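Colleague:
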Amino acid sequence: MEEKEIMTVKQVAEYLQMDEHTVYKLARLGQIPSLKIAGQWRLC
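Listed below in structure tokens is the structure:
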């Protein structure tokens, strides 16, 4: 089974060269794999 790295919104934004607000929007819309842990978005 392959382990996935869990990243913060900031890390994903830097990796994809996007604005953090865009990453939040994509997470809310379910367009990128994500989950909310203790009120903070985590992306995998």
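So for the sequence shown, our numbering puts the first residue at -1; every next one is plus one.
Just so it is clear, CB atoms sit at the ideal spot from N, CA and C, and this is done for glycine as well.
This one's a predicted model, so the numbers in the text were calculated from it and none came from an experiment.
1. If you draw a straight line from the C-alpha of K8 to the C-alpha of E18, how long is it?
2. In angstroms, rounded to a whole number, what distance separates the CA positions of W39 and I30?
3. If you reduce the DSSP assignment to three classes, tell me which class K2 lands in.
4. Return the bridge partner residues of K34 from the DSSP annotation.
Modeller: A quick look at the data gives this:
1. The sequence position of residue 8 within the sequence shown is 10, counting from 1. The sequence position of residue 18 within the sequence shown is 20, counting from 1. For K8 and E18, the distance between alpha carbons rounds to 6 Å.
2. One-based indexing of the sequence shown puts residue 39 at position 41. One-based indexing of the sequence shown puts residue 30 at position 32. Near 11 Å, if we compare the C-alpha coordinates of I30 and W39.
3. By one-based count along the sequence shown, residue 2 stands at place 4. In the structure shown, K2 sits in coil (DSSP, three-state: anything other than H, G, I, E or B).
4. Translated into the one-based positions of the sequence shown, residue 34 becomes position 36. Its beta-bridge partners are W39.
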